[in-house]
Structure formats: structure tokens, C-alpha cells
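Peer 1: Chains as they are written, first to last, in the numbering used here: chain E, 13 to 210; chain V, 9 to 395; chain B, 440 to 604. Yeah, the Cβ is synthetic: ideal placement off N, Cα and C, and Gly gets one too.
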Amino acid sequence: MLGEGIVKGMAETARNFLGSYVKEDRLTTVQYPEERLPQKEAARNFPFLVYDGDDWQAGMRCVACQICEKECPPQCIYITKSKDKKPDHAGKAQIYPAIFDIDISVCMSCQICVEVCPFDAIKMDTEFELSTGDRFGDLLQHKNDLSKSNTYFRKLHPTEAAEADARLAAERAKAEAKAKAAAAPKPLSPASVPALAK
Amino acid sequence: MDQIFVTIKHWAVGFGPAQGQPIISAIISVVLLIAVFASLFAITTVLERKGLGRIQNRYGPNRVGPFGILQPVADGVKALIKEDIVPRTADSVVHFLAPLVLVVPVFLALAVVPMGRNMVAVDMDAGVLFFFAVGAATELSVFMAGWSSRNKYSLLGAMRAIAQMISYEVPLILSAVTVIMMAGSLSTVKIIEAQAGYAGGLPRWFVLTPWGLTGFILFMIAAAAESNRSPFDLPEGESEIIAGYYIEYSGFKFALFFLGEYIGMFAVSGLAITLFLGGWHAPFSFLTWIPSYFWFFGKLLALIAVFIWVRGTLPRLRMDQLMNFAWKFMLPMALINLVTAGIWRFLSPGFSRWLICSLLVLGPYVMLARGLLLGSDVGKRTYRYAE
Amino acid sequence: MPASFIILGLLTLAGAIAAMSLRNLVHCALALTVAFAGLAALYLQLDAQFIGFAQILVYIGAVAILIVFAILLTRGSETPQPSILSPSWFGGISVAVVVFGVLAMTIVRSAVADRNLPPAPQVSVRELGEQLMTKYLLPLEVIGLLLTAALIGAVIIAMHEKEER
Numbered sequence: 013m014l015g016e017g018i019v020k021g022m023a024e025t026a027r028n029f030l031g032s033y034v035k036e037d038r039l040t041t042v043q044y045p046e047e048r049l050p051q052k053e054a055a056r057n058f059p060f061l062v063y064d065g066d067d068w069q070a071g072m073r074c075v076a077c078q079i080c081e082k083e084c085p086p087q088c089i090y091i092t093k094s095k096d097k098k099p100d101h102a103g104k105a106q107i108y109p110a111i112f113d114i115d116i117s118v119c120m121s122c123q124i125c126v127e128v129c130p131f132d133a134i135k136m137d138t139e140f141e142l143s144t145g146d147r148f149g150d151l152l153q154h155k156n157d158l159s160k161s162n163t164y165f166r167k168l169h170p171t172e173a174a175e176a177d178a179r180l181a182a183e184r185a186k187a188e189a190k191a192k193a194a195a196a197p198k199p200l201s202p203a204s205v206p207a208l209a210k
Numbered sequence: 009m010d011q012i013f014v015t016i017k018h019w020a021v022g023f024g025p026a027q028g029q030p031i032i033s034a035i036i037s038v039v040l041l042i043a044v045f046a047s048l049f050a051i052t053t054v055l056e057r058k059g060l061g062r063i064q065n066r067y068g069p070n071r072v073g074p075f076g077i078l079q080p081v082a083d084g085v086k087a088l089i090k091e092d093i094v095p096r097t098a099d100s101v102v103h104f105l106a107p108l109v110l111v112v113p114v115f116l117a118l119a120v121v122p123m124g125r126n127m128v129a130v131d132m133d134a135g136v137l138f139f140f141a142v143g144a145a146t147e148l149s150v151f152m153a154g155w156s157s158r159n160k161y162s163l164l165g166a167m168r169a170i171a172q173m174i175s176y177e178v179p180l181i182l183s184a185v186t187v188i189m190m191a192g193s194l195s196t197v198k199i200i201e202a203q204a205g206y207a208g209g210l211p212r213w214f215v216l217t218p219w220g221l222t223g224f225i226l227f228m229i230a231a232a233a234e235s236n237r238s239p240f241d242l243p244e245g246e247s248e249i250i251a252g253y254y255i256e257y258s259g260f261k262f263a264l265f266f267l268g269e270y271i272g273m274f275a276v277s278g279l280a281i282t283l284f285l286g287g288w289h290a291p292f293s294f295l296t297w298i299p300s301y302f303w304f305f306g307k308l309l310a311l312i313a314v315f316i317w318v319r320g321t322l323p324r325l326r327m328d329q330l331m332n333f334a335w336k337f338m339l340p341m342a343l344i345n346l347v348t349a350g351i352w353r354f355l356s357p358g359f360s361r362w363l364i365c366s367l368l369v370l371g372p373y374v375m376l377a378r379g380l381l382l383g384s385d386v387g388k389r390t391y392r393y394a395e
Numbered sequence: 440m441p442a443s444f445i446i447l448g449l450l451t452l453a454g455a456i457a458a459m460s461l462r463n464l465v466h467c468a469l470a471l472t473v474a475f476a477g478l479a480a481l482y483l484q485l486d487a488q489f490i491g492f493a494q495i496l497v498y499i500g501a502v503a504i505l506i507v508f509a510i511l512l513t514r515g516s517e518t519p520q521p522s523i524l525s526p527s528w529f530g531g532i533s534v535a536v537v538v539f540g541v542l543a544m545t546i547v548r549s550a551v552a553d554r555n556l557p558p559a560p561q562v563s564v565r566e567l568g569e570q571l572m573t574k575y576l577l578p579l580e581v582i583g584l585l586l587t588a589a590l591i592g593a594v595i596i597a598m599h600e601k602e603e604r
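1) Does DSSP classify E/M136 as helix, strand or coil?
2) Can you check whether the C-beta of V/I344 is within less than 8 angstroms of a C-beta belonging to chain D?
3) Once DSSP output is grouped into helix, strand and coil, what is the label at E/M214?
4) Against chain B, which members of the region 144-162 of chain V pass a CB distance test of less than 8 angstroms?
5) Let me check understanding here. Comparing Cα to Cα, which of V/Y161, V/I170, V/L285 and V/P25 lies closest to B/L505?
6) Can you round the beta-carbon distance between V/A82 and V/F260 to whole angstroms, since I take them to be within the 8 angstroms contact cut?
7) Measure the CB-CB distance between V/L148 and B/T472 and report whether it falls below 8 angstroms.
8) So with CB distances below 9 angstroms, who are the chain V contacts of E/D29?
9) Please say whether E/C74 and E/I134 have beta carbons closer to each other than 8 angstroms?
10) Could you tell me which uninterrupted alpha helix (DSSP H) segments, each at least 4 residues in length, are contained entirely in the region 126-173 of chain E, listed from first to last along the chain?
11) Would the beta-carbon of V/T186 fall within 8 angstroms of that of V/G223?
12) Would you mind telling me which residues of chain V sit closer than 9 angstroms to E/R38, beta carbon to beta carbon, in chain order?
13) Can you find a C-beta in chain B that's less than 8 angstroms from the C-beta of V/M273?
14) Using a 10 Å radius around the Cβ and a threshold of 16 neighbouring Cβ atoms, would you call E/F140 buried or exposed?
15) Across the region 326-346 of chain V and the region 226-245 of chain V, are there enough close Cβ pairs to call them in contact, namely three or more that are closer than 8 angstroms?
16) Using CA coordinates, which residue listed in B/I591, B/I446, B/Q488 and B/L585 is at the minimum distance from B/A431?
17) Counting C-beta neighbours from all protein chains within 10 Å, is the total for V/D241 16 or more, i.e. buried, or is it exposed?
18) Among all the DSSP beta bridges, which residues are the ones paired with E/A105?
19) Under 8 angstroms: do the region 139-158 of chain V and the region 201-217 of chain V share three or more Cβ pairs, one atom per stretch?
20) Could you check which residue in B/L461, B/V465 and B/L449 has the C-alpha nearest to that of V/G154?
21) E/P45: which of V/W19, V/R71 and V/F45 sits nearest, CA to CA?
22) Taking the C-alpha atoms as reference points, what is the distance between E/V62 and E/P170?
23) Within 10 angstroms of the Cβ of E/Q69, are there 16 or more other Cβ atoms? Answer buried if so, exposed if not.
24) Three Cβ pairs or more, each shorter than 8 angstroms: is that satisfied between the region 270-279 of chain V and the region 36-52 of chain V?
25) Cβ closer than 9 angstroms: which chain E residues qualify as neighbours of V/V374?
26) Would you kindly work out how many angstroms separate the C-alpha atoms of V/F227 and V/I31, rounded to a whole number?
27) Considering just the uninterrupted stretch of the beta strand (DSSP E) at E/F60, what are its terminal residues?
28) Tell me which residue opens and which closes the alpha helix (DSSP H) that B/R565 is part of.
29) With a Cβ-Cβ cutoff of 8 angstroms, do V/Q203 and V/N126 count as a contact?
30) Taking 8 angstroms as the CB-CB limit, is B/G500 close to chain V?
31) Would you tell me roughly how many angstroms separate the C-alpha atoms of E/L49 and E/E172, rounded to the nearest one?
32) Would E/M22 pass as an interface residue toward chain V - the criterion being a Cβ-Cβ separation below 8 angstroms?
33) Name the one or two DSSP bridge partners that V/P211 has.
34) Beta carbon of E/A102, beta carbon of E/E36: below 8 angstroms?
35) Using only the alpha-carbon positions, how far apart do E/K167 and E/K160 sit?
36) I'd like the span of the alpha helix (DSSP H) that includes V/F333, first residue to last.
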């Protein structure tokens, strides 16, 4: 009958209106600056450099291999190698980047730098509230802005961090095993003991 | 307590010279009317936005004051300080006068609506006729606004708005004529007096009779169409023709159009309360100790809430659907309602009167509804290329 | 003659003269609306409430809009007219003034102006209705018939236009 649909519609609207005071799912607004929605685990925005431990300069995983610089499609990463070396997580002496700049006004968040890094050194951050007043100066992030700790990484992307940690721990274990094998006394061989060889 | 405003006004008027007392009394009424309804307009804009927001699962404005109630102040300041742009080829005199020609008649129309016992600004013998006369003058302002902007789309919007307003004036006036016929007078005060008294616990309002209920529903639908209110807001549809006939208006003139539209809504709701809902009478006899103006404004707020509710529920009607509805459904229903009211008067009171008149109204309703829905049997949607 | 009558009369005359002499046609229609409003105010000043409000409702609310629609649907663009006044405007106006003077003098000096005006009856809407239903019933029905014929004619003309396409 004419008017039936209107009455049913108005009943639904009234239910919405009254329910929005009582139930949560009838008022789905998240009032932005005061409340924030949690981001999904695979969210990504701009890259950051991971460091292990407490000292960001000593624990930085990046070895300045420049693969991410070459693979970046808009070429927004600028790396300059250092002259000296520092020990990495497995104890081996590696060079480190003296200058590591990412221009985030150019970066398109494609994650290619993350995919090609062999050292799990650069990962994607989810921070988006990066607006500044200075377009050219503040949007060029330097090494100290980009370095964030591994605990932060673990909080942000738990599965990815667990995987990276497992890989690095395996490498560290292998390196330690090799070092122990090198440091342990070797079994005597006839060539190394001239007295016995006679 | 009920007559407190009337006594205050008499006391204030007593200060003036005896010669000018009618003028002073009129000026006080006018100032009070404008003050009360302008603040009601401000409150309504906030309530509407918050109400619509809650219906649409969101908050309304809630930043300006506590819970956003100071939002009209922010809107008013914005409207005042915005630059007043008049297009270079526009007709500046007509462009300037159009908002005035809208706002003045709608405030005039509020003069015959009684807001409480003895609280009507002007008690005219032909009050309802005056109301419809000034309501008809608002259509001229729509045309002036649309034409003076020298904008094809604005003119199109104005033509459609005028067509809509003229078409819906006929059922509006016919529903009102039914009430006038039954009450026997054109004066709003006498119509309210005809609805006084209580019969068996229920009030004797006209809405509680078959012809009154039909008339009330027809009047409300036509009133929504007259003030260009959703679902009849195609002329000013915000997503269709952007702003229709007031697209070239900015700043305070736009605020005046907005004000005129809302005050028109209040005025026609006030008339509906007067004609059908018993004016300032209380609904039950044990509630008459509450002052009369509380009842009037309470009923007015209830009707405004219904308007907001309908706006949040229904989609916009297309132009041809709108005109079909007016001429092929509402006009015959209004005429049949008129005949039913006449028959009601001549039958003796009792159950048979109710039965006969209800059938007389429901029968054509069902048949006309079937006639309206004849051409709309579209069936399942078919795609030309997608399958 | 009270001052309000003079002011309202001048307003109506100004509206009518503007309706004749303005260039833009829509401006003329709006000036005509002002003349209608002036007439309605004059009726109200004579205490004829019903006809005053009916004048506003019918003339301003419907006839003025009809005129405006007719202008828009037939003329289209607003071409600026050449001057409304013809070259011999002085002769025309003087002839009109002379004719008006002669007619006015004749009417004022005739017997029509001397008769006693009966006191103005208090016409209420109820009396109007009673007179329409008893004494003037036949003219009422004839007017109703005429309006129905006009309505049906309009519908038939519009329908034929639709079928011709």
C-alpha cells in the first residue's frame, strides 16, 4: 500500500537515532584528533632505518650497500658511504652510511627498498602526521630522523619483525659457531707438528 | 502564569501616551515575534544538523560550544563577513530585492498565528486568507532570484521551484478550506475556539477525525513542498543543481534566503497546529494547568522534529514524480476529503459516522495509489553488455 | 482624503507608469506587480479585507507569475529596446491631459457625484458567502463552468502538442 515503505523507513531512521545514544555500532564516528583508529598491520607510509639495541649509531643495520638507492623508482634515497668501518650485529666490520637522506615529498611508498634490502635495515613506517611548514627543508629526512629502534619495529609490524629477528639470530648463531670453531684448538695434524713428522 | 506575557505587554504599553498605544503595542508584538522566531531559527539549524547526524550514524557539529550549540553564532559571523558577490551582468536591483521579498512576507504570515491564549499579533477576520495571500507572494521572490542572476541553471531552478510551489498550493489551500468549512470562520482565533473542550478524555481537535487526519497529512506534505524542504528540495538540491535559484548569492543574502525558508517552515507548521492540532490547547483535560504557549511551542517543535526526521529518511523526488504526485494524487484526495468533511457534518455522531467517513477516505486512497504506481513496474534490472 | 490614500495612490500610479515606460520587459512585469500591491493596499484601506487579500493571492500570487512565465517563454533574450517614448511625446501627453480634464469635469459636475453615498456596509466573509449562495448563485455557477472549460481547454491544447511530436 502507498505509504508503507515510508513508514518502515521512518521506523528504521528512528531506530538509528535512538540507538546512536545507546549502542556503539550505531555511531561509528572516530573523532580524529582526540581518538585514532588503530592501523592495520600491513599499513605503510614512509621508510625508516632499523637499529638494534640502544645506540642508534652503533646498532644501525644499514651497511650502505646502495641497493635501495639504485632500485628506488623516483630516486629519492641519497647515500654516501663512510670511510671507516664499525662492527655489525654478527661482529663483522662493515662500512656504514655517513649520509642517508630520503626525500619524503618524492617517496611514493612503493616498498621496493624494503623488498630488496638484504640486511633488513630499512622498513616501512606508518606515521602520516608529517606536515611541516617548510616544503623543501623539513621534508628531506636525514639519518637521525630516520633511525628507529627494533623495539618500535616489533610493535609496529610484529610478524615481519619476528621474521627479521629470526633471520638475524640465525646468522648470528652461524657466525658465532664459526668463530668458536676458529677459536677452538684444532686437532693435531702431522703437517703442523714438525717434530712428529720426522 | 498563562497570561504572563500579555500582562507584561499591557503594563509596558501603559507607559506610552494614550494616542500612540495601539502603535506601541503593535511594535512590541512585532519585535517579540521577530526575536523569538529568529532565535528559534538559530536553534533549529543546530538541532537539524545534529539530528540528521545522529540519524546518519555520526555526530553533528560538536566543536563550537558545548555539544555544538553555539554553531549558529559561528554561522552568522561567517555569513556576515563573507564577501557579497554580485555577478557583473546580473540585474543588481532585482538581485538585491529578492531576499527581501522572501523574508518580509514570511514574517508577515506569522502575524496571524496565535501562540497562546490571547497571544496573536493581529486578530483578523480573514486570517487564514491573509496567510495564504502572503505565502503566494513568496513565489515572486523565487523568480526574481532566479532571473536576476543571468544564469541559465539558476533560471531553470527557479522555473522548477515555481512550478512546484504553484502545484502544491492547491492541495494546501484545499485542506485548509476543509477546516474552515467545518469551523465556520476564517479567523484563526475562532478556529482554535472551535477545537476547545474534551469529549470522553480525548480533545476535540480536528486531527482526531477521519477527514481531519487526512487533511493534516495532506497539509503537511504540501507544506514540505511549499517550503522546498526535503524530499521536495529538487530546486535547491545540494547535489543536483548545486543551489538552484540562489546559486549566485553569497554571504548575508544567502543567509536571508535560508532564514526565509526556515521561517516559512515555522509559519506553515504554526498554521497546521492552528488548523488541525488545536492551537494552544492541552491534549488532556488534566494538563490544562501548563501554560498555553508551552503547548504551542511544544507542538511546533514536534512538527519540526517530524520535518527533520522525514528529511533524514526519504530520498529526493524527481520533478515529474513530484508533479504527478501533486496533480494526480493529492488534488483528488483533497477534494474527496472536502466532500467527506461535509458528509461528516450531516451524519449523526456515533460509530457509523466514523465507519462511513473512513471508508470514504480509504477507498479513493487505495485506488489512487494503485493508479500512481501503475507506470512504475520496472522489474528486475537487466544489463546490456555485462552478461 | 487621508494621507495614506495619497501615498498609496501615488505608489500605484508610479508602478503603473513604470510598467509602461521601462525598457526591460521583466522589470515592467515587476513594476506591474507593485501596482497590484498598491491596489490591494487601497482595498484594505477601505476595510474590504476579503477582496484585498484575494487581490494579493490571485493577482500577485498567480497573475504576475503567469505574466512573467509568458514573457520568459516567448521572448527569450533581453534585447535592449529603443526608447519607449515616441518622437511626438509632447503632443500625445497634452492631448491625453485635455481629454482627462474634460472627462473629469463632466463627471464631477454631473448628478452622479451629488447623490448621497449610503453608509459603507460592514461586509464580512460570512455575508459574502451567503450572498454568493443565495442571490448570486447563477453567476457563481456560470463562472465555475467557465473556469472548468478553460482548464479542460488548456489540458487539451497541451495534450495535442504532446501528440504532434
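Peer 2: In short:
1) strand
2) Absent from the structure: chain D. Protein chains present are E, V and B.
3) Any property of residue 214 of chain E remains undetermined from this structure, which presents chain E solely from 13 to 210.
4) A144, A145, E147, L148, F151, M152 and W155
5) V/I170
6) With a Cβ gap of about 15 angstroms, V/A82 and V/F260 do not count as contacting.
7) yes
8) As written in the sequence, residue 29 of chain E is Phe, which differs from the Asp given in the question. Per Cβ cutoff of 9 angstroms: G59, R62, I63, W317 and G320.
9) yes
10) 155-158 and 162-168
11) yes
12) R62 and N65
13) no
14) exposed
15) yes
16) Lying before the first or after the last residue shown, residue 431 of chain B is absent from chain B, which here runs from 440 to 604.
17) buried
18) E/P99
19) no
20) B/V465
21) V/R71
22) 14 angstroms
23) exposed
24) yes
25) M13 and L14
26) 35 angstroms
27) P59 to Y63
28) V564 to T573
29) no
30) yes
31) 21 angstroms
32) yes
33) V/Y206
34) no
35) 12 angstroms
36) Unbroken run through V/F333: none, as it is neither H nor E.
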